[in-house]
Amino acid sequence: MGKRLLFCSTTRPDPMESLLATLQANNPAQCARSLKSNKVQEDLAVNALGVIGENVDTVSTMLLLAHIAEHQMSVEPSLYHAKCETVFKTASPMAVAAMLEFGESLGVMVRRYGELCVVGNLATQGVNTLLYFMLSLDTSLRARNAAMLMNGDISTGLLTPVHTQLALLAAKSKTFSTLLPLLDVDIVGVAKETGALPEDMLLYFYYAAHCYAALKNFKRALEVLTLIYVVPSEAVSRIAVEAYKRFVLLSLLVHGRVVALPKFTIPSLTRHTKAFCAEYVDFGQAFESLSPVALNAVIGRSGAVFEADRLFGLVKQCKDALQQRAVLRLTHTFITVSLAEIARELALESPAAAEAVVLRLIDSGQIHARIDLEGAMVAFTSDAERYDSPATVLKLRGMIERCMALTQRISAVDAEISASKPYLLRTDFEAQYNALGAGGSGDAVENDESMHM
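Take 0 as the starting number for the sequence shown in numbering that gives the first Met the number 0 and just add one per residue.
Encoded structure:
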């Protein structure tokens, strides 16, 4: 039945269908000729005898599933999910390399599989399956982009639809730590051959920030979320609006204020932020006023909105962060202060509640203090850390290595752009335009002088 749906056509045969027919016929020589006739890269066509011959079953099944997903043909979802899972778990790097020539269809199939995992409550299973597939995909991308990659990374740093679906399924299944090795790799580009779309990049950053926030790595979550506004766009998307709500809360947790969006953010988003996220703008202003009373008033007024957005947890953490900042502010003013005074500054109901806040800050290492329970007093002390421990040196070394890796990647991207034809044409045009402009103005000055003579 599947063949009848795919190949019964009165129009000219589709190149995808022709290739699928040759794959199912298990004829490597014919596969090579089909690849060449479909204008596929010459190097793959030359190696098609080995690649297709060894992986004919995997590639043909993958092409078939991609074709079904792309055209939304009627198929049993559970059967489609099972077939996808088998393909993703068994695809060899060579089979994936062949599939990359039909990247748009590959992207369609990966997205469809992610949808079925979410609908069928199979998010955890989907994460494990796509991680298997990611290893094969990563190997193939490494071979194609060797000049841009660093040895030893778990990922190429190039975004694919698999990244997006992995982040989505990890957020749904709450298996955040499983994906950390992949999320920690900085995205430096997009693997176009995998059929990645602009929304794949936006959604990846959105769900990656969700994972980091759940792990309480708020700084990294804010960094990733900011990248949504780096992606060029002409209109305000729903993703950007939802991301800004989290951007406000994470800014408060990391910096104690709402930081400005990047300068190149589209003006329409900056202008309409108040209308789209009014409750969060008010919350940020109340937080920046350092008034617990004002903050509690906003929470009481807009609590239903925060609950509906599923962000009340971050809102409560911001409330706790304001209390912590108030205590930190006291360390710059007092050496010794009573618990009653701290409770008054934080608008708490009792000195016991103030003691709990201080103990939490001491445990987290944010302040250094001693509590005198008999006198109900807190004495702030200096930090005894000398920052010369092996752990500190190891952390510093890791940061330096990461900076060096990013520098090399940026240099590689810069070299690629500098040698690209569109860039050279643009710069040459601008140079000629500026030269003509300078010459024109000089001629104008000479003509003006001759008129005065």
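By construction, the Cβ of each residue, glycine as well, lies at the ideal position given by its N, Cα and C atoms.
Check	Outcome
Would you kindly check if the distance between the Cβ of Ala242 and the Cβ of Tyr205 is under 8 Å?	yes
Going along the chain, which unbroken runs of the alpha helix (DSSP H) with 4 or more residues stay wholly within the region 193 to 238?	197 to 213 and 217 to 225
In angstroms with no decimal places, state the Cα-to-Cα distance between Val126 and Asp137.	16 Å
Pull up the CB-CB distance for Leu338 and Glu354, whole angstroms please, since I reckon it's below 8 Å.	6 Å
How is Asp371 classed by DSSP in three states: helix, strand or coil?	strand
Could you pull out every residue in the same chain whose Cβ sits closer than 7 Å to the Cβ of Ala195, ignoring the five residues on either side in sequence?	Gly106, Leu158, Thr159, Pro160 and Val189
Within 10 angstroms of the Cβ of Met98, are there 16 or more other Cβ atoms? Answer buried if so, exposed if not.	buried
What's the gap between the Cα of Leu289 and the Cα of Arg401?	36 Å
What distance in whole Å lies between the Cβ atoms of Pro291 and Leu321, which are believed to be in contact at a cut-off of 8 Å?	6 Å
Ala293: which of Arg309, Lys318, Thr163 and Lys88 sits nearest, CA to CA?	Lys318
Let me know if Ser135 comes out buried or exposed under the rule of 16 or more other beta-carbons within 10 Å of its beta-carbon.	buried
Out of Phe275, Ala390 and Val280, state which residue places its alpha-carbon closest to the alpha-carbon of Leu256.	According to the sequence displayed, residue 256 carries Arg and not Leu. Nearest C-alpha to Arg256: Val280.
Inspect the beta-carbon positions of Val297 and Ala307 and report whether they are closer than 8 Å.	no
Considering only C-alpha positions, which residue in the set Val235, Phe305, Leu329 and Leu252 is nearest to His271?	Val235
Just list the alpha helix (DSSP H) runs in the region 257 to 344, keeping only unbroken ones of 4 residues or longer that don't cross its boundaries, in chain order.	266 to 270, 272 to 275, 277 to 287, 291 to 307, 311 to 330 and 338 to 344
Could you tell me the alpha carbon to alpha carbon distance between Ser267 and Glu233, rounded to whole angstroms?	9 Å
Measure the Cβ-Cβ separation of Ile334 and Val357 and say whether it is below 8 Å.	no
Under 6 Å Cβ to Cβ from Ala96, same chain only, skipping five residues before and after it: list those, please.	Ser139
Between the C-alpha atoms of Ala303 and Lys244, what's the straight-line distance to the nearest angstrom?	15 Å
Which of the three DSSP states is assigned to Ala190 in this structure?	coil
For Glu263, which option in Asp427, Leu226 and Leu251 has the closest C-alpha, if you only look at C-alpha atoms?	Glu is not the amino acid found at residue 263; the sequence shown has Phe there. Measuring from the Cα of Phe263, the nearest candidate turns out to be Leu226.
Ala352: which of Lys394, Thr380, Gln323 and His331 sits nearest, CA to CA?	Gln323
Taking all protein chains shown into account, do 16 or more other C-beta atoms lie within 10 angstroms of the C-beta of Arg343, making it buried, or fewer, making it exposed?	exposed
Within a Cβ cutoff of 6 Å, which residues of the same chain sit near Tyr211, ignoring the five residues on either side of it in sequence?	Arg219 and Ala220
In the DSSP output, which residue or residues are listed as bridge partners for Phe175?	According to DSSP, which records beta bridges pairwise, Phe175 is partnered with nothing at all.
Can you tell me which of Leu248, Ala213 and Thr406 puts its alpha carbon nearest to the alpha carbon of Glu287?	Leu248
Quick check on DSSP: helix, strand or coil for Val247?	helix
What's the gap between the Cα of Lys215 and the Cα of Gln316?	10 Å
Mark Glu41 as exposed unless 16 or more other C-beta atoms lie within 10 angstroms of its C-beta, in which case mark it buried.	Low local confidence applies: a pLDDT of 43 at Glu41 is under 50, so the model's placement there is unreliable, with the coordinate-based value given in what follows. Glu41 is exposed by the Cβ-count criterion.
Using the Cα positions of Lys394 and Glu222, report the straight-line distance between them to the nearest angstrom.	19 Å
Would you list the one or two residues that DSSP bridges to Val377?	Val336 and Ile370
According to DSSP, is Leu423 helix, strand or coil?	helix
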